[in-house]
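To start, the structure under review is shown below, and the notes come after it.
Chains as they are written, first to last, in our numbering: chain A, 4 to 345; chain B, 4 to 345; chain C, 4 to 345; chain D, 4 to 345.
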């Protein structure tokens, strides 16, 4: 059976990544693509790498006939997303890739995103889209909120450890390195090739990065008490990939065993042998997560290192995985592409 | 129906690329992987990006039971390849990715590769593996010789033009730019990141690059007279991709129309609208070829620009496409992956 | 003796490169830096790599007291440059890095830059700034027009050959590869890291690139008859460097000897041994030009390959070299920095 | 006055970097270059970017007449270095760039480098070469041991803080990111462009990296008690640059003020305004160190982020700075080159 999907905001990188993945998905058909500023253009003009596909031209959202759409992916900027989704049919299944429906607490949304939420009723309905931990809710959900790509990486490293109570909740440091595509296709001086290549730097250090809202919400919920991590993101001269080096207090072998057990049955999460280091190049372009655990020379301390592709498992792959669940399709359909190395 | 395949030389980049492609191929099963120096190791140690797959460990070639193999991919270095294939069962279907069986003329082989060919009887039997132009022979063949990746790129740009007689055969310049993965996983100083990144250069200019042997053979055969092109390869700081800028004498619109017509029914060859420029980033990781034609300000001159991924369409994707034909599988099976951009 | 210089347009890459070079120049002192949109900011905010220097803050041009300025570098966009220079004191020495004063013929300017020239009297006065070929004029000049970076590269390869009459003037192909910094610090989608890295492509092929105006003017002037080259620029994923592969008709050894002789006494031009290939990484960050000559297997054909750094010898280094001449300083002062490799 | 220097091990990256820096040094003259495997070759063959310089050919060490050498730079691999230096004249000034003379304690050397030290008497004599902290000893020294490049970066961030007692000595995490040139010009699979570019990973995590020997020695010495840091290095796809993100416990403003005061008079160390993030691209190719301090949202915690160029301030620039002191030359001579950006 084939399901019809629309992609709103198809002229950005996460939109293009959705098309790339759906291109070989046997049960999904793309019936509409929107792009406000590029409405009227063929997708092949906006993303020439997709020119071999038979795709609808980009249109404005209001031109889409949602009565023939089974599920819509919303790959719009935050704030825009809530405004758009508010106007969509209330029975349309939606996977939102923006930040708009990730945070349960309206005050938290306002704190991290700088303005009040404009669709609070929808926010209540939304399910947090970290598939492996919200599978049942997602399957039953109508509106699923994709997670932040950095937030996903840190959570894969930490959730089972917090759940199992094997690490000190007050001593967690996430030093995260990310490629540039996570910043999107926006025209900013600091995203130019000449600015970015051949160098690397931290940014938003000290507790100002918005994905902290997700960490705080999720970790505190699991722990049943407030948990605040330290989090320093860095921008690395590569296009895809996030590597989170997470410093924890706990017995390294126990940490490793806890993660290995938690993910034993997960198709997309690979816990490496104890002591091995993952690399972003080994998950590039795929939906897989590689997690390594190394013990420190200081007893009782360990590093959990998690790697995923921000555009795939960190956003569009995750979105498709959730859409599969929502549509009753086998979860891994269309997502078994092997990483593209070298 | 599932066919069993072996990959000889699976510890190099073309071997890994074959595994990546076959990973989602519904009708092929990998039953053996060889790697001389790495025999005994799991593939996940040699290529951690493939660790999610259930693959046989690397073995030595002599350990493989070829009676259960329907087709073997030979991704070995040239010279080694002919020695190995000589010893394989004479009824085994083989797709060879080395240079050993590309040249019909033993003297040409010796000229370009520096030593006499050691398996002349096999060489006679071999079919040149440029799929779109040797489809029937490949379908009927037992031993198919994959083309050089540079040679493939230049031929996609030029074969229909030579065939149709629309360009001057004595005035062809191929200025080619290639990423580094074509040089393989070999330990050479000039392939180090610190040597290669942030710079670019020509090499083997002036008629010394071995792929000229293929150009000479194929173009002369089509033309029915000797054709010698000028060919300058350049090494570019990117991993995948070849872009050939081919300078020809002929009417630009005729050149474009000739190519568009020749490839109209080809799944993997996309001729862009007249005047458009292809880019390697738009075919990265895929089996597609993008070809653009631009007219020069000097009347009667044109540039044909062809882009493909050296590891996919330039070697392992081509090999799989040929294997599909040899095994009676639909030609494009397992090869419809969209390019990975950004 | 110390000369006072101003840099107009100091917030772009060529402006920053001028500051980098002048930083260790013993006879120049920067007394003013302008940047329209960034006026009021310290240079260290705009270019943190220059923060160790004691530099004036950025101001608007009208705030500069030119009575204390011995020479002004104009690193403004074309069209802006002519408007600004028109208003500057008529006795101020100026090195202009824009395209505005490169073309002698007003009609040529209008053809390539799309609008009439607005300062024709100044254009008449201007000296073309390719130092090695206009040394006396530059020394005596008041307004020197820096060349295009691509135009400089092609001319270093070709001028002595045209002068000496050793190549066929109707059969010249310049296939040029350039890093991205030549496109400046402008916010364009195609200059983003995610768009540009890992891929390469031709652009403005077929005779539409503006630097053809310079090639036509200069080569025709030397030859005493119209000369039109074919020229295809390519964008390469590296920040600095231009490599021009120039296809010529002529005896390769004669070509080599002609270039070697022409540049024998030039400090910054290195002609490599016959058959050697230059690389952009070997001139990176420096004012040097490396030129190689290789003979083709087709008799009477050769490739001249020239490499330089677009920001240094291709613009700001050239500008400083010219300023030295205009101020009576030894030509190579401040320009002997060795290339930065790796 | 001109001093004569020799560079032993001039065929590696730190050797080449020494030549690059000395090229514009007004008081040093290179009289000998050694390279065991490349003896007999001109330096221009080994490093074409240095071809404009008038340099002696590479020779074997035993061919050098040390009676005319005022100071030798030893850029040899560890273990080799101690064997070579043992045989050099006992009154020759030496700056060693290897790891051989960094550790005071023979047991520590054996622990980190896997074999006993073979020149214990020389080791006693050696001065640790972190210029800003051992200036007097270096000025008076005969044998100065260059620091590890990672070790230098971490120490610039931490030494003044440990000295001043403003941070918790038991809670220091150094998460370090480094470009690839620090690994040298050695033929290792993991240093190939195709392996390294487009990806990033941690290595030697958990207390196994050799530079920990230096951290332990120096920090414990300053503190007067054992100090053990956590240290995780990462390999980043860039050639030059180290960025250390150091997590400390202490008041962020106090941390910043302490560093600002400690480095107030240092030419090469720039402490950025409180809250600013340094970047490796802004010190690239230079001898400068940029240090930023950011407070965390968790009270009493801060991040100190230090950036330097591993080949310059991390090894060859540091070596030259020390050589200047040893020869009575102004310390910053030849080292004021501005960073090369973009």
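Yeah, the Cβ is synthetic: ideal placement off N, Cα and C, and Gly gets one too.
Contact list for residue i against chain C, beta-carbon separation under 7 Å
{"i": "residue 239 (chain B)", "result": "203, 239"}
Start-to-end residues for the beta strand (DSSP E) that takes in residue i
{"i": "residue 250 (chain D)", "result": "245–252"}
{"i": "residue 196 (chain A)", "result": "No beta strand (DSSP E) contains residue 196 (chain A), which is instead part of the alpha helix (DSSP H) from 196–199."}
{"i": "residue 241 (chain C)", "result": "Residue 241 (chain C) -> no beta strand (DSSP E), and no H or E assigned at all."}
{"i": "residue 75 (chain D)", "result": "74–77"}
{"i": "residue 123 (chain B)", "result": "Residue 123 (chain B) -> not in any beta strand (DSSP E); alpha helix (DSSP H) instead, spanning 123–128."}
{"i": "residue 304 (chain B)", "result": "304–311"}
Residue i and residue j closer than 9 Å at C-beta
{"i": "residue 317 (chain A)", "j": "residue 134 (chain A)", "result": "no"}
{"i": "residue 243 (chain B)", "j": "residue 52 (chain A)", "result": "no"}
{"i": "residue 275 (chain C)", "j": "residue 160 (chain C)", "result": "no"}
{"i": "residue 292 (chain B)", "j": "residue 164 (chain B)", "result": "no"}
{"i": "residue 196 (chain B)", "j": "residue 200 (chain D)", "result": "yes"}
{"i": "residue 110 (chain B)", "j": "residue 81 (chain B)", "result": "no"}
{"i": "residue 44 (chain D)", "j": "residue 22 (chain D)", "result": "no"}
Collapsed DSSP secondary structure at residue i in the structure displayed
{"i": "residue 298 (chain B)", "result": "strand"}
{"i": "residue 189 (chain D)", "result": "coil"}
{"i": "residue 152 (chain A)", "result": "helix"}
{"i": "residue 273 (chain D)", "result": "strand"}
{"i": "residue 41 (chain D)", "result": "coil"}
{"i": "residue 257 (chain A)", "result": "helix"}
{"i": "residue 213 (chain A)", "result": "coil"}
{"i": "residue 322 (chain B)", "result": "helix"}
{"i": "residue 207 (chain C)", "result": "coil"}
{"i": "residue 266 (chain C)", "result": "coil"}
{"i": "residue 222 (chain B)", "result": "helix"}
{"i": "residue 55 (chain C)", "result": "coil"}
{"i": "residue 282 (chain C)", "result": "strand"}
{"i": "residue 84 (chain D)", "result": "helix"}
{"i": "residue 114 (chain D)", "result": "helix"}
Contacts of residue i in chain B (Cβ-Cβ under 9 Å)
{"i": "residue 188 (chain D)", "result": "192, 195, 197, 198"}
Where residue i meets chain A, residues with beta-carbon distance less than 7 Å
{"i": "residue 183 (chain C)", "result": "196, 197"}
Residue range of the alpha helix (DSSP H) that includes residue i
{"i": "residue 46 (chain C)", "result": "46–49"}
{"i": "residue 139 (chain D)", "result": "138–143"}
{"i": "residue 236 (chain A)", "result": "It is not in any alpha helix (DSSP H) - residue 236 (chain A) instead sits in the beta strand (DSSP E) that spans 233–238."}
{"i": "residue 28 (chain B)", "result": "It is not in any alpha helix (DSSP H) - residue 28 (chain B) carries neither H nor E in the DSSP assignment."}
Interface residues of chain D facing residue i [CB-CB closer than 9 Å]
{"i": "residue 153 (chain B)", "result": "What residue 153 (chain B) touches in chain D: nothing, since even the nearest Cβ is about 17 Å away."}
{"i": "residue 23 (chain C)", "result": "340, 341, 342, 343, 344"}
{"i": "residue 288 (chain C)", "result": "288, 343"}
{"i": "residue 206 (chain B)", "result": "Near residue 206 (chain B) there are no residues of chain D at all, since even the closest Cβ is about 13 Å away, more than 9 Å."}
Under 7 Å from the C-beta of residue i: neighbouring residues of chain D
{"i": "residue 176 (chain A)", "result": "176, 250"}
Closer than 8 Å at the beta carbon, the chain B residues around residue i
{"i": "residue 242 (chain D)", "result": "196, 197, 200, 201"}
Per-residue contacts from residue i into chain B (C-beta, under 7 Å)
{"i": "residue 93 (chain C)", "result": "Chain B residues near residue 93 (chain C): none, gap ~38 Å exceeds 7 Å."}
{"i": "residue 291 (chain A)", "result": "55"}
Amino acids of chain C, ordered along the chain, whose beta-carbon sits closer than 8 Å to that of residue i
{"i": "residue 16 (chain A)", "result": "197"}
- request: Check whether the region 277–294 of chain A touches the region 197–217 of chain A, taking contact to mean three or more Cβ pairs, one atom from each stretch, closer than 8 Å.
  value: no
- prompt: Is there contact between the region 119–129 of chain B and the region 171–186 of chain B, where contact requires at least three CB pairs shorter than 8 Å?
  reply: no
- request: Could you tell me whether the region 17–35 of chain A touches the region 72–79 of chain A, using the rule of 3 or more Cβ pairs below 8 Å?
  value: yes
message: Does the contact criterion of 3 or more C-beta pairs under 8 Å hold for the region 57–70 of chain C versus the region 11–26 of chain D?
response: no
task: Decide yes or no for the touch test of the region 323–335 of chain D against the region 141–150 of chain D: beta carbon pairs closer than 8 Å, at least 3 of them.
output: yes
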